[in-house]
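For reference, the structure is listed below as structure tokens.
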Amino acid sequence: MLYYASLTIYNLYFHPLSKYPGPKLASVSNLWYVKAWMSGRYPFTIQQAHHKYGDVIRISPNELSFVARKIVKSKFYDTGEKHLDLAQVQDPEEHQRQRKMLARAFSLNAIHNFTDKFLQQIGKMGCPKGPGIDVKQALNWLTQNRPDFMAFERERRPIDPLLIYAIPGDLAFGESFGAVESGKTHFWVSLIVESTYFYMFNDARKRFPLINLALLLLIPRDPGPKEGTISEQELKSQANTLIIAGSETTSMVLTGLVCFLLQNKPSLDKLIEEASLDEGLRLFPPIAFGPPRVSPGATVAGQYIPPGVIVSVDNWSVGRDPRNFRDPDSFLPERWLDRDSTDNKASFQPFSLGLHACIGMNLANLEMRIILAKMVWMYDWELISTDLDSFQEAKLYLLWKKPSVLVRFHLRGSME
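Per the working numbering, the sequence shown starts with residue 4, numbered consecutively.
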């Protein structure tokens with residue numbers, strides 16, 4: 004008890020971050036952060052804290068959240084995972100090796116090769132009459148059906164059966180998951196998507212050393228890889244990340260965009276794809292929190308941050324800061340077309356920048372443009388979920404848990 008009392012006093016009054024404002028509980032314990040992180044309302048909680056305390060706030064004893072236009076570029080916070088995927092790996096040579104291994108799956112040439120499949124799948128979403136389609140699910144089926152993972156094609160090494168189901172795609176195994184054809188999410192894909200809550204718990208438990216100690220005593224040790232399967236864990240790690248990042252994030256943005264457009268019919272009537280996509284990404288960023296980085300000892304937004312402090316820029320708050328965007332909570336695609344706009348468009352970085360920029364950004368942009376353009380070209384849309392508040396009903400568990408968005412799709416001209 005004396006130790007914890009001393010630690011509390013130190014964190015409150017003598018810690019290098021004691022001068023930064025924030026919730027008192029966050030200053031002395033990880034409990035405030037973990038509660039916000041696991042609640043499903045993390046971006047909203049952080050945004051409210053920034054509104055109350057300012058641009059730089061303390062969200063755990065050794066962590067700061069920023070609403071700033073620029074942030075120090077440094078190494079990512081070490082998650083402690085043994086097998087790091089492309090999004091986590093810090094070593095430049097290892098990152099380059101993994102990126103090169105996966106890059107051909109995400110080239111523009113590869114994307115153009117399966118564009119026709121997108122169009123065929125989109126055609127199956129039409130429903131001129133009936134109760135309506137849950138756009139959230141339909142877009143999940145579509146993005147899970149597509150062939151992301153050419154990088155794993157023709158791998159000649161033994162892998163465990165679970166991994167086979169974790170790598171979707173026509174180009175990987177010569178057949179799709181059949182999600183669009185069957186009208187339901189593939190069982191194995193749904194398991195991976197639902198596992199995001201486990202990843203959140205994994206992050207939370209690392210903040211409490213006593214829990215880690217107990218788990219070490221209770222969980223058997225991994226016997227290690229068998230001969231001939233040296234890279235199995237690496238493949239699993241990449242597959243999980245690519246499924247989650249490659250399907251859920253795209254479908255989430257498109258679901259939000261469909262909802263915004265139907266609630267703002269003038270924007271739908273004069274749809275300009277690129278501007279609408281940018282505005283949809285700003286209002287509903289797929290990753291609504293900032294990836295944590297470790298300060299090397301640098302000045303950020305006029306504040307000197309000591310070495311070893313975890314820092315992040317909150318994506319959700321930056322995109323909704325009135326200093327960056329006028330009417331930040333309004334869906335205004337035209338802001339991206341106005342050359343005289345005072346909006347700080349440089350603060351909008353949904354795919355990140357530099358070494359750790361999203362390897363699938365070309366795929367995501369092309370896919371969203373094609374899906375959106377084809378849906379508008381082929382169908383008139385009718386929103387059934389008219390009382391939907393997408394922000395209040397959405398929950399964030401690493402990825403967004405989207406509310407159902409019921410829409411009727413009428414072939415063009417059939418409603419006249």
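The C-beta atom is built at its ideal place from N, Cα and C for all residues, glycine as well. Keep in mind that this is a model prediction, so the values were computed, not measured.
Can you tell me which of the options puts its alpha carbon nearest to the alpha carbon of residue i?
i	options	result
tyrosine 7	Pro26, Phe17, Val31, Lys22	Val31
serine 407	Leu257, Val303, Arg329, Lys139	Lys139
glycine 305	Lys55, Gln51, Phe69	Phe69
asparagine 368	Glu337, Tyr202, Gly283, Leu401	Gly283
leucine 375	Leu280, Asp137, Phe211	Leu280
proline 295	Gln51, Asp343, Ile62	Ile62
proline 46	Phe287, Thr199, Phe412	Phe287
alanine 278	Gln266, Arg372, Asn327	Arg372
glutamate 385	Leu414, Ser9, Ala397	Leu414
phenylalanine 334	Gly259, Lys377, Pro299, Ala397	Gly259
Would you mind reading off the limits of the alpha helix (DSSP H) that contains residue i?
i	result
histidine 53	45-56
tryptophan 35	34-41
tryptophan 319	318-322
alanine 301	No alpha helix (DSSP H) holds alanine 301; the beta strand (DSSP E) holding it covers 301-303.
tyrosine 7	5-12
leucine 28	27-31
aspartate 383	Aspartate 383 -> not in any alpha helix (DSSP H); beta strand (DSSP E) instead, spanning 382-386.
lysine 268	268-272
What residue does the beta strand (DSSP E) around residue i start on, and which one ends it?
i	result
arginine 411	409-414
leucine 401	Element bounds for leucine 401: n/a, residue is neither H nor E.
arginine 61	59-63
serine 68	66-69
tyrosine 307	306-308
Excluding sequence positions up to five away, which residues of its chain have a Cβ less than 6 Å from the Cβ of residue i?
i	result
glycine 293	Ser315, Val316, Asp317, Asn318
leucine 271	Leu264
serine 388	Val408, Leu409
leucine 87	Legend: pLDDT at leucine 87 = 45, less than 50; position of this residue unreliable, value from coordinates given subsequently. So the list is empty, once near-sequence residues are dropped.
proline 212	none
arginine 159	Reliability of the predicted coordinates at arginine 159 is poor, the pLDDT of 30 falling under 50, and the value obtained from them is presented with this limitation in mind. Taken in chain order, the list of residues that qualify is empty.
Here's a check: name, in chain order, each residue in its chain whose Cβ is nearer than 7 Å to the Cβ of residue i, leaving out the five neighbours to either side.
i	result
tyrosine 56	Pro24, Gly25
valine 37	Ala207, Arg210
arginine 157	Unreliable positioning characterises arginine 157 in this predicted model, as indicated by a pLDDT of 34, which lies under 50. The coordinate reading is nonetheless provided below. The answer is none, since no qualifying residue turns up.
serine 320	Ile49, Gln50, His53, Val70
aspartate 58	Phe69, Val70, Ala71, Ala304
proline 336	Ser270, Ile275, Ala278, Ser279, Glu282
aspartate 330	none
aspartate 343	none
glutamate 396	Pro406
With a cut-off of 8 Å on the beta carbons, I'd call residue i and residue j a contact; round off their distance for me.
i	j	result
lysine 268	glycine 43	Lysine 268 to glycine 43, Cβ: 30 Å. No contact.
valine 256	proline 289	6 Å
phenylalanine 204	arginine 285	With a Cβ gap of about 29 Å, phenylalanine 204 and arginine 285 do not count as contacting.
arginine 338	aspartate 332	Not confirmed; about 13 Å, so no contact.
isoleucine 412	isoleucine 136	It should be noted that the sequence gives phenylalanine, not isoleucine, for residue 412. That belief holds up - the Cβ atoms of phenylalanine 412 and isoleucine 136 are roughly 6 Å apart, short of 8 Å.
So, at 8 Å on beta carbons, what are the nonlocal neighbours of residue i in its own chain, with the 5 sequence-adjacent residues on each side left out?
i	result
tyrosine 200	Tyr400, Leu401
proline 64	Asn14, His18, Leu20, Ala29, Ser30, Val31, Ser32, Asn33
alanine 291	Tyr45, Pro46, Asn318, Trp319, Leu399, Trp403
Less than 6 Å between the CB of residue i and some heavy atom of the ligand GDP, yes or no?
i	result
tyrosine 56	With respect to small molecules bound, the structure shown includes none, and the ligand GDP cannot be examined in it.
Validate contact between the segment 376-396 and the segment 313-322 using beta carbons, cut 8 Å, 3 pairs: no
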